[in-house]
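In this note's numbering, the protein residues as written are 125 to 358.
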């Protein structure tokens, strides 16, 4: 019985007809135009004489929408409620349901540069959570623009993980909470290890007692602004 079954299976494969495959080669191209709108806050220093530095701040997912008051809840604009900075501070707002778009952000920064006397060698980029993710992506998309990068509690995409040395000339300060249950601390640890061999100036700070909010103690401290404002692109 087994021999008959085996013979039947062999016969089945032998008798399977052969079909010729038709393959067509081609190419297709299309131009897709996307319109992006970014509302923003721009803090101007008291003394606007002469070129001044620019700090770009990207907020987290909870501050998306069309209410710019949300952008003042965390980060530099919270700090500016009780302090002054001798720099412009730009804080765009990501529309509801969207994520940071690097090219839209780049165009916005160029527009702010054109309208104000910005020192192009002193543009700094920072962001928290979704804004940390956006800061990584923007820095990798335009590494020649920034004199310092400060991502906090940010997810890191695959491209930065692979092309890590593109930002080797940017001084970087990474912050994350060890107990973060929203964006795992491993993202910051892995990208730090990848950047360390080629980056000229990089430091990772992990707060042992911090959950996802590892940014309040960073942005509320004058030291991070003092450090950023000392950096100058060569």
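No residue lacks a Cβ here, since even glycine has one placed at the ideal position from N, Cα and C.
As the structure is a prediction and not an experimental result, all values here were calculated from the model.
(message) Going by DSSP, what residue range makes up the alpha helix (DSSP H) through residue 341?
(response) Counted from its first residue, the chain shown places residue 341 at position 217. 340–343 is the span of the alpha helix (DSSP H), which, as asked, contains residue 341.
(message) Please report whether the beta-carbon of residue 260 lies at a distance below 8 Å from any beta-carbon of chain B.
(response) Here there is only one protein chain, and chain B is not present.
(request) Would you tell me roughly how many angstroms separate the C-alpha atoms of residue 268 and residue 175, rounded to the nearest one? (result) Taking the chain shown and counting its residues from 1, the one referred to as residue 268 is at position 144. Taking the chain shown and counting its residues from 1, the one referred to as residue 175 is at position 51. So the two alpha carbons sit approximately 18 Å from each other.
(request) For the region 333–346 and the region 199–216, state whether three or more C-beta atom pairs, one from each stretch, are separated by less than 8 Å. (result) yes
(message) DSSP three-state label for residue 181, please.
(response) Mapped onto the chain shown, residue 181 falls at position 57. In the structure shown, residue 181 sits in a strand (DSSP, three-state: E or B).
(message) On the DSSP letters alone, give me the boundaries of the alpha helix (DSSP H) that residue 362 sits inside.
(response) Residue 362 lies beyond the range of the chain shown here (125 to 358); nothing can be said about it.
(message) Assuming residue 335 and residue 301 are in contact, meaning their beta carbons sit under 8 Å apart, how far apart are those beta carbons, in whole angstroms?
(response) Counting from one through the chain shown, the residue named residue 335 turns up at place 211. Counting from one through the chain shown, the residue named residue 301 turns up at place 177. Rounded to the nearest angstrom, the Cβ distance from residue 335 to residue 301 is 5 Å, consistent with a contact under 8 Å.
(message) Taking 8 Å as the limit between beta carbons, can you name the residues of its chain near residue 238, skipping five residues before and five after?
(response) The residue given as residue 238 occupies position 114 in the chain shown. Once the five neighbours on either side are set aside, residue 238 has no close Cβ partner at all.
(message) Does residue 192 come out as helix, strand or coil in the three-state DSSP assignment?
(response) Indexing the chain shown from 1 puts residue 192 at position 68. Of the three classes helix, strand and coil, the one that applies to residue 192 here is helix, per DSSP.
(message) If you reduce the DSSP assignment to three classes, tell me which class residue 283 lands in.
(response) Here residue 283 refers to the residue found at position 159 of the chain shown. Secondary structure at residue 283: helix, using DSSP grouped into helix, strand and coil.
(request) Might you give, ordered along the chain, the residues of its own chain that have their beta carbon closer than 8 Å to the beta carbon of residue 315, omitting 5 neighbours on each side? (result) Residue numbering aside, residue 315 sits at position 191 when the chain shown is read from its first letter. Once the five neighbours on either side are set aside, the close Cβ partners of residue 315 are 260, 280, 284, 285, 288, 298.
(message) I'd like to know if the region 154–172 and the region 214–224 are in contact, where contact means that at least 3 CB-CB pairs between them fall below 8 Å.
(response) yes
(message) Give me, in chain order, the residues of the same chain whose beta-carbon lies closer than 6 Å to that of residue 352; leave out the 5 immediate sequence neighbours on both sides.
(response) Here residue 352 corresponds to residue number 228 of the chain shown, with the count starting at 1. The answer, listed in chain order, is 248, 272.
(request) From the DSSP output, read off the bridge partner residues of residue 359. (result) Residue 359 cannot be examined here, being either before or after the span of the chain that is shown, 125 to 358.
(request) Measure the alpha-carbon distance for residue 338 versus residue 180 and round it to whole angstroms. (result) The residue labelled residue 338 in the question sits at position 214 within the chain shown. The residue labelled residue 180 in the question sits at position 56 within the chain shown. Answer to the nearest angstrom: the Cα atoms are 19 Å apart.
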